[in-house]
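Below is one structure, written out as structure tokens; the observations come after it.
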């Protein structure tokens, strides 16, 4: 009981801390979820009865957040334009556009300023031409600061804020020069910027936002940019102002993903994903089972040693095997070409067709020991009397295998075959480490190389290269999710029927 | 299997037809299986650190590559190795605990949704966590804004994510093992006045220790080689795990870093392979406990 009270105290303490931290930093959704979990956990552990929940809840909380929620949220993201250039909400994006396009207003008055900081946020304390103190930060427009203290007519400090010394200014030079404080709540009034931390000038953007926020005019060129509903201000000629903001874009990512066809399109990627997974599993299973049969003869000596050696590839971490094979299959310097093929330049990983063959072969190298183990186990579990009976009836070794061992083997291993297929379908490591999805295909609308499978396309769209498009990548994730669901349903149904037959 | 009769004397021809060819298959397959591993070991010990210079196996044996591996502040391999150890051990221990509690509930308690729940856990295995890697990235980013030690670029953040996969097919494997422990033991303890918590922690957990060890090792092996989520969560070189660090080290200059990379590969693979070989016989039994037989 004492242990329970102590651990609940720790959990509650942590929970309350998280709730406070989330609310303090403006994360209302996370705060609400934490409160809900906290209340739920306390109810579960302090009420009488409900024993199963006491044992299931800890694991289920993690499962709910980091497996169910993240997959669900990925589907949500797939309907947005989240990604590079669309990381902000609309007001923040407008502010950013302004700050990026400001120039100093010619002939405007200089404001003597002091730079203040509070909780690592920088503030400008400006003295207006009429001698009043004004305080503001990048997100808070200038507002009167009546409790400021003055030194020689210049406002220098405000209680609760720390005034930066010359040394602090130098240390944070970049942050200070980037600081742009809006003059008022209206974004068109301009911002105050300082180059040296002592004097600030009014900077105005050439962009003028309309009152309803649906359009913006570049006053220097007269171009009108309007909200295109997809998170950007767009000119009639199609030019977009960057950055844009996060917006729901409906099925637009799915249209992009499925719409453009041609070489290296999504249909090609899906087809290759199936081909890769199918042949990886089929060849690994065939080879593994063949070896299990070969070594299933008690007269043979040294079977233990062979077994031990042959399962080594499965024990080698998969990301390493991909990288090691990529070195060995290197066209110019690799071991395979230099030593085994006497200096030939066979493009194992750089010719599209051959690269596909190589990925399957490497995944078989990694995968056959698993099926060797599995089939050995399954063969030894097949009752001997059945086989004896077949031999007495005069069955040849082939018939014995074809009509007795293989069917029983398939029944025993079919759930594992399904799991292996699902695994290979998302076998990120082999593909990404071996070829990186390449050789690349310049004509592909989704930047997919010849050996890219769906999951590597997701990773590359979201995290590799400059254009990090979370929305489009999430749409691909959702597509994988749907395909895997269909496969699971179909295959598990067929397995059931298989078990009923035999 | 003793379906074949053992002959006391066999001529060489008969020997070859019956077992000799099996040795040939065995030797060929063993060579294919073990060759890349020998190649890595040889390259890690070679004098030349380049891809080209690694093609003569065991031509020289030096520890230059290992020395270089540990003496480059730009790629702190020792820290990567320790980070991997920390993340894998903590995740493994916590997963086993969460999993054992769930397996106990499924095995010993009766409640609505028990069978469906168990089936659902097995099916979640079809949907790997990394399908949600984008959300994981965004979620940890948001968490990290408020609680820096639990966000992106932190080991606790990564461990929390991995624990989302703690329940799953492993729970099913454990459930099978829990079922082999006779219920009479629980009941005897109950009559003696033990509560459910005492039965679980002091009696059941001891009896199921073997499966706890096996599942713990499986989780350890899985986490120690995980790349996708780790690479997205840990972008800071100092905090990376070995898979992420080694990949970044080799992805840019494959030819130049090859020997050092192979040295890192050997040191990364050794603990995992040792664990695997130690557990492999249980893995087969475990796989079959979970195959619905």
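Chains as they are written, first to last, in our numbering: chain A, 1 to 502; chain B, 503 to 795. Cβ coordinates follow ideal geometry from the N, Cα and C atoms, glycine included. What you are looking at is a predicted structure, and each value in this text was computed from that prediction instead of being measured.
Considering just the uninterrupted stretch of the alpha helix (DSSP H) at residue i, what are its terminal residues?
i: residue 385 of chain A; result: 384–392
i: residue 646 of chain B; result: 635–648
i: residue 51 of chain A; result: 51–63
i: residue 161 of chain A; result: Note, residue 161 of chain A: premise wrong, no alpha helix (DSSP H); not H, not E.
i: residue 519 of chain B; result: Residue 519 of chain B -> no alpha helix (DSSP H), and no H or E assigned at all.
i: residue 420 of chain A; result: 406–425
i: residue 400 of chain A; result: 397–400
i: residue 462 of chain A; result: 454–463
i: residue 716 of chain B; result: 711–726
i: residue 156 of chain A; result: Not the alpha helix (DSSP H): residue 156 of chain A falls in the beta strand (DSSP E), residues 154–157.
i: residue 255 of chain A; result: 252–259
i: residue 429 of chain A; result: 428–434
i: residue 615 of chain B; result: Element bounds for residue 615 of chain B: n/a, residue is neither H nor E.
i: residue 629 of chain B; result: Unbroken run through residue 629 of chain B: none, as it is neither H nor E.
i: residue 71 of chain A; result: 70–77
Residue i by DSSP, collapsed to three states: which one?
i: residue 17 of chain A; result: helix
i: residue 781 of chain B; result: helix
i: residue 549 of chain B; result: coil
i: residue 89 of chain A; result: coil
i: residue 204 of chain A; result: strand
i: residue 3 of chain A; result: helix
i: residue 34 of chain A; result: helix
i: residue 669 of chain B; result: coil
i: residue 168 of chain A; result: helix
i: residue 46 of chain A; result: helix
i: residue 149 of chain A; result: strand
i: residue 129 of chain A; result: coil
i: residue 144 of chain A; result: strand
i: residue 792 of chain B; result: Only weak support is given to the placement of residue 792 of chain B: the predicted model assigns it a pLDDT of 42, under 50, and the question is left unresolved by the model.
i: residue 565 of chain B; result: coil
i: residue 450 of chain A; result: coil
i: residue 27 of chain A; result: coil
i: residue 467 of chain A; result: coil
i: residue 605 of chain B; result: helix
i: residue 558 of chain B; result: coil
i: residue 696 of chain B; result: coil
State the start and end residues of the unbroken beta strand (DSSP E) segment that holds residue i.
i: residue 182 of chain A; result: 180–182
i: residue 117 of chain A; result: 110–118
i: residue 105 of chain A; result: Run containing residue 105 of chain A: none; DSSP gives neither H nor E here.
i: residue 225 of chain A; result: 224–227
i: residue 688 of chain B; result: Segment 685–693 is the alpha helix (DSSP H) holding residue 688 of chain B; no beta strand (DSSP E) there.
i: residue 192 of chain A; result: 191–194
Pop quiz: residue i and residue j are said to be a contact at Cβ under 8 Å. What is the actual Cβ separation, rounded to whole angstroms?
i: residue 636 of chain B; j: residue 470 of chain A; result: 5 Å
i: residue 579 of chain B; j: residue 761 of chain B; result: The pair is not a contact, with the Cβ atoms about 13 Å apart (cut-off 8 Å).
i: residue 322 of chain A; j: residue 362 of chain A; result: 7 Å
i: residue 318 of chain A; j: residue 727 of chain B; result: 6 Å
i: residue 78 of chain A; j: residue 253 of chain A; result: 6 Å
i: residue 277 of chain A; j: residue 424 of chain A; result: 4 Å
i: residue 516 of chain B; j: residue 299 of chain A; result: Not quite, the Cβ-Cβ distance comes to about 11 Å (not below 8 Å), so this is no contact.
i: residue 659 of chain B; j: residue 667 of chain B; result: Between residue 667 of chain B and residue 659 of chain B the Cβ distance is about 15 Å, and since that is not below 8 Å, they are no contact.
i: residue 435 of chain A; j: residue 349 of chain A; result: 5 Å
i: residue 201 of chain A; j: residue 108 of chain A; result: 6 Å
i: residue 44 of chain A; j: residue 535 of chain B; result: Incorrect: roughly 49 Å between the Cβ atoms, too far for contact.
i: residue 55 of chain A; j: residue 603 of chain B; result: 4 Å
i: residue 114 of chain A; j: residue 125 of chain A; result: 5 Å
Per DSSP, which residues does residue i bridge with? Please list them.
i: residue 440 of chain A; result: None, per the DSSP bridge assignment.
i: residue 245 of chain A; result: A:88
i: residue 123 of chain A; result: A:116 and A:137
i: residue 507 of chain A; result: Residue 507 of chain A cannot be examined here, being either before or after the span of chain A that is shown, 1 to 502.
i: residue 234 of chain A; result: A:226 and A:240
i: residue 494 of chain A; result: In DSSP, residue 494 of chain A forms no bridge with anything.
i: residue 218 of chain A; result: A:207
i: residue 199 of chain A; result: A:112
Checklist entry - Which runs of the alpha helix (DSSP H) fall wholly inside the segment 733–774 of chain B and span at least 4 residues, in chain order? => result Here the runs fully enclosed are 744–754.
Item to check | Start-end ranges of the alpha helix (DSSP H) lying completely within the segment 275–332 of chain A, minimum 4 residues | outcome: For the segment 275–332 of chain A, whole alpha helix (DSSP H) runs of length 4 or above, ordered along the chain, are 303–310, 312–315 and 318–328.
Checklist entry - In the segment 333–379 of chain A, which residue ranges form an unbroken alpha helix (DSSP H) of at least 4 residues, counting only runs that do not cross its ends? => result DSSP runs (the alpha helix (DSSP H)) wholly in the segment 333–379 of chain A: none.
Checklist entry - In the segment 571–598 of chain B, which residue ranges form an unbroken alpha helix (DSSP H) of at least 4 residues, counting only runs that do not cross its ends? => result Whole alpha helix (DSSP H) segments, 4+ residues: zero.
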